[in-house]
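Remarks on the structure that follows.
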Amino acid sequence: MTTESRAIPRRSSLVPGVRAVVRAAALTSLAGALLVLLAAVVHGAEAAAAAAVGAGLVVLVVSFGTLSLHLVASAMPTASLLVALVTYATQLAIVLLVFLAITRGDAFAGDQARGWLAAGMVVATLVWTVAHLVLTARERAPYFDLPPGGES
1 MTTESRAIPR RSSLVPGVRA VVRAAALTSL AGALLVLLAA VVHGAEAAAA AAVGAGLVVL
61 VVSFGTLSLH LVASAMPTAS LLVALVTYAT QLAIVLLVFL AITRGDAFAG DQARGWLAAG
121 MVVATLVWTV AHLVLTARER APYFDLPPGG ES
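Quick note on numbering: full-length UniProt numbering labels position 94 of the sequence shown as 94, and the sequence is numbered without any gaps.
Take a look at the structure:
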């Protein structure tokens, strides 16, 4: 009697995670572009620039954080929960600090531009969250490997 498993160890791959992140970033960028277009039509160039900065900031920060999490999870799955919590807190802090720096500075002085900056960040965050959840759920990555031949 042995405790060894006959299952073939599966090498974790970054491909499904990276694919979901790239697709979520593309969908979020598309939503941001639509918001920039709407801001330009409604309030002009400064509002469009603010919406672009807000959406772009979220896409960059969240994409980098999620890719970092996938990298750690593929190398060391046991540390993924801790890294996810730290990554989330860091992303939140970065976005908040940049938002405060922009709104306290002279970059977007008008209330309309600041509103579009916030709208860009909120829309990008919502689209990213929904897109990433749906795309990750559709990847259908197995949690375990069955033994060869379907034996149990």
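Glycine included, C-beta positions come from ideal geometry on N, C-alpha and C.
If one requires a minimum length of 4 residues, the alpha helix (DSSP H) runs lying completely within the segment 58-106 are 80-104, in chain order. VAL127 sits away from LEU67, with the two beta carbons spaced by 8 Å or more. The segment 41-60 makes no contact with the segment 72-86: fewer than 3 CB pairs, one atom from each, lie closer than 8 Å. The shortest CA-to-CA distance from GLY17 to any of GLY65, LEU82, VAL61 and GLN112 is the one to GLY65. Around the beta-carbon of LEU35, 16 or more other beta-carbon atoms lie within 10 Å, marking it buried. Out of GLY110, ALA109, LEU135 and ALA48, the CA that lies nearest to the CA of LEU27 is found in LEU135.
For ALA109, there is no enclosing alpha helix (DSSP H), as DSSP marks it with neither H nor E. For ARG23, the enclosing alpha helix (DSSP H) has its first and last residue at 15-43.
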